[in-house]
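J.:
Protein chains in written order, with the numbering used here: chain A, 13 to 122; chain B, 63 to 177.
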């Protein structure tokens, strides 16, 4: 049983479209991270959100941490082919424990 | 600053053999974690080492073991390989500062294929 569930599992969209990926849990985390992973490589950290209700923007990417610190969302505006990859959320608990979500595979078609 | 390095990048073994994977963390990082990634199960935590001690352990059989050296480099060993052990094995290092803002930096992984 995964502690963090992501939806959708797969997403294929046209360049220029907007999308939102969700990361949900019934557990509380001290922080939540989002990673992007490309084939054959390790995940690369995109952002860490710490405070409930926190919103962080990274160019066309907007990350939000739920008020109760149990869930998060990633919104991409005007997706580009370079955004293609596997997006992973990870909840962090005290004691340096990381729990990864099930992953969302995004394909942006030119 | 050099990133996390893992060796080898690719490995092919047969059932019953054992394998050792190596990970060198970012300089100054004292925590090293290992993960197994498969298409069906996603990214699953194996164990974490800090200052040569195993601090956290995931739900994997005893065939999976690891260790960390005084220079923070880590090795992971899998004995009596099974077909289901085929996966991408990822190593991640982090500075252990505040637990609310720990950031993990991943290596490129070792792709293990068991035939």
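Ideal Cβ placement from N, Cα and C applies to all residues, glycine included.
Measuring alpha carbon to alpha carbon, tell me which residue in A:101, A:107, A:109, A:97 is nearest residue 22 of chain A.
T.: Translated into positions along the first chain, residue 22 of chain A becomes position 10. Considering only alpha carbons, the answer is A:97.
J.: Is the shortest distance between the beta-carbon of residue 170 of chain B and the beta-carbons of chain A less than 8 angstroms?
T.: One-based indexing of the second chain puts residue 170 of chain B at position 108. Cβ-Cβ to chain A under 8 angstroms: yes for residue 170 of chain B.
J.: Does residue 145 of chain B come out as helix, strand or coil in the three-state DSSP assignment?
T.: Here residue 145 of chain B refers to the residue found at position 83 when the second chain is read from its first residue. Three-state result, residue 145 of chain B: helix.
J.: Among the residues of its own chain, which have a CB less than 6 angstroms from the CB of residue 66 of chain A, if the five just before and after it don't count?
T.: As a working mapping, residue 66 of chain A is identified with position 54 in the first chain. The residues are 77.
J.: Would you identify the three-state DSSP class for residue 78 of chain B, choosing helix, strand or coil?
T.: The residue given as residue 78 of chain B occupies position 16 in the second chain. Reduced to three states, the DSSP call for residue 78 of chain B is coil.
J.: Residue 166 of chain B CB to nearest chain A CB: under 8 angstroms?
T.: Locating residue 166 of chain B in the second chain gives position 104, counting from the first residue. Yes, its Cβ sits closer than 8 angstroms to a Cβ of chain A.
J.: Of all the CB atoms in chain A, is at least one closer than 8 angstroms to the CB of residue 139 of chain B?
T.: In the second chain, residue 139 of chain B corresponds to position 77, counting from 1. No, residue 139 of chain B does not count as interfacial toward chain A.
J.: Tell me which residues share the same chain as residue 119 of chain B and place their Cβ nearer than 6 angstroms to its Cβ, disregarding the 5 neighbours each side in the sequence.
T.: On the second chain, residue 119 of chain B is found 57 positions in, with the first residue counted as 1. Once the five neighbours on either side are set aside, the close Cβ partners of residue 119 of chain B are 109.
J.: Residue 47 of chain A to residue 151 of chain B, Cα distance in whole Å?
T.: Residue numbering aside, residue 47 of chain A sits at position 35 when the first chain is read from its first letter. Residue numbering aside, residue 151 of chain B sits at position 89 when the second chain is read from its first letter. Cα to Cα, the separation comes out at about 17 angstroms.
J.: I need the boundaries of the beta strand (DSSP E) containing residue 87 of chain A, first residue and last residue.
T.: Start at 1 with the first residue of the first chain, and residue 87 of chain A comes out as number 75. Looking at the DSSP string, the run of the beta strand (DSSP E) that includes residue 87 of chain A is 84–88.
J.: Which residues in chain A sit within 7 angstroms of residue 107 of chain B, going by Cβ to Cβ distance?
T.: To locate residue 107 of chain B, count along the second chain from 1; it is residue 45. Within chain A, the residues near residue 107 of chain B are 110.
J.: I'd like to know whether the C-beta of residue 156 of chain B is nearer than 8 angstroms to at least one C-beta of chain A.
T.: By one-based count along the second chain, residue 156 of chain B stands at place 94. Yes, its Cβ sits closer than 8 angstroms to a Cβ of chain A.
J.: In terms of residue numbering, what span does the beta strand (DSSP E) encompassing residue 78 of chain A cover?
T.: Translated into positions along the first chain, residue 78 of chain A becomes position 66. From DSSP, residue 78 of chain A is part of no beta strand (DSSP E); its letter is neither H nor E.
J.: What's the call for residue 93 of chain B, buried or exposed, on a 16-neighbour Cβ count within 10 Å?
T.: Numbered from its first residue, the second chain carries residue 93 of chain B at position 31. By the 10 Å Cβ count, residue 93 of chain B comes out buried.
J.: Which residues of chain B have a Cβ atom closer than 8 angstroms to the Cβ of residue 20 of chain A, listed in chain order?
T.: Translated into positions along the first chain, residue 20 of chain A becomes position 8. Residues of chain B passing the Cβ test: none, with the nearest at roughly 14 angstroms.
J.: Just the C-alpha distance for residue 20 of chain A and residue 102 of chain B, rounded to the nearest angstrom, thanks.
T.: Taking the first chain and counting its residues from 1, the one referred to as residue 20 of chain A is at position 8. Taking the second chain and counting its residues from 1, the one referred to as residue 102 of chain B is at position 40. So the two alpha carbons sit approximately 15 angstroms from each other.
J.: Quick one: what does DSSP say residue 104 of chain B is sitting in, helix, strand or coil?
T.: Residue 104 of chain B sits at position 42 when you count from the first residue of the second chain. It is a strand residue.
J.: If we call anything under 8 angstroms between Cβ atoms a contact, is residue 104 of chain B one with residue 54 of chain A?
T.: Taking the second chain and counting its residues from 1, one reaches residue 104 of chain B at position 42. Taking the first chain and counting its residues from 1, one reaches residue 54 of chain A at position 42. No, the Cβ-Cβ distance between residue 104 of chain B and residue 54 of chain A is not below 8 angstroms.
J.: Going by DSSP, what residues sit across from residue 116 of chain B in a beta bridge?
T.: Within the second chain, numbered from 1, the residue matching residue 116 of chain B stands at position 54. In the DSSP output, where bridge partners are listed per residue, residue 116 of chain B has B:111.
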